[in-house]
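Following the numbering used here, the numbering of the sequence shown begins with -14 at its first residue and continues without gaps.
Some notes on the structure that comes next.
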Amino acid sequence: MSRRISATIDQTPGGYDTRNFVWPVNDAVRELMFDSPLGEIAASVMRSTTARYLFDNFWVKEPHSESLTPCHQDQPYLQIAGRQICSLWTGIDRATGDN
């Protein structure tokens, strides 16, 4: 699922897409999810011996976008509760502070 978001909170040029459940159709994302240390990191943070993968959610911004990502809370979207829940945010492309 992918959706284009063009109206940003600050109405600046640029925009971004959000994409969910990318791992079944993208080898690089599947490798990141299942063959990287991300699961071990999540388990460690939760003080657990295991971690289960729920879903992926990507925010893909256009290069040099001036649009700001709106302030939001993740909890209303997750529909889960518990003491051992972990979200990992990681960049998969190189990025610099240059515009």
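Here a beta-carbon is modelled for each residue, glycine too, at the ideal position from N, C-alpha and C.
Could you check if residue i is buried or exposed, using at least 16 other CB atoms within 10 Å of its CB as the buried criterion?
i, result
"Ser52", "buried"
"Gln64", "exposed"
"Ala(-8)", "Any reading at Ala(-8) must be qualified, since the residue scores a pLDDT of 43, below 50, and its modelled position is unreliable; the value itself is stated next. Flag for Ala(-8) reads exposed."
Return the chain-ordered list of same chain residues with a C-beta closer than 8 Å to the C-beta of residue i, the five sequence neighbours on each side being excluded.
i, result
"Ala28", "Thr34, Thr35 and Ala36"
"Gly76", "none"
"Ile26", "Leu73"
Less than 7 Å between C-beta atoms, sequence neighbours within five positions excluded: which residues of the same chain meet that for residue i?
i, result
"Val7", "Val14, Asp41 and Phe43"
"Asp59", "Ser72"
By alpha-carbon positions, which one of the options ends up nearest to residue i?
i, options, result
"Cys71", "Val10, Asn5 and Arg32", "Arg32"
"Tyr1", "Gly24, Leu23, Phe19 and His49", "His49"
"Leu20", "Tyr38, Lys46 and Asn5", "Correcting the residue identity first, residue 20 is Asp in this sequence and not Leu. Out of Tyr38, Lys46 and Asn5, Tyr38 has the C-alpha closest to the C-alpha of Asp20."
"Asp78", "Leu17, Tyr62 and Val30", "Leu17"
Ignore the nearest five residues each way along the sequence and tell me which others in residue i's own chain have a CB closer than 6 Å to its CB.
i, result
"Leu23", "Leu73"
"Arg68", "none"
"Met(-14)", "With a pLDDT of 47 at Met(-14), under the threshold of 50, the modelled position of this residue cannot be trusted; read the value that follows with caution. Once the five neighbours on either side are set aside, the close Cβ partners of Met(-14) are Asn5."
"Val10", "none"
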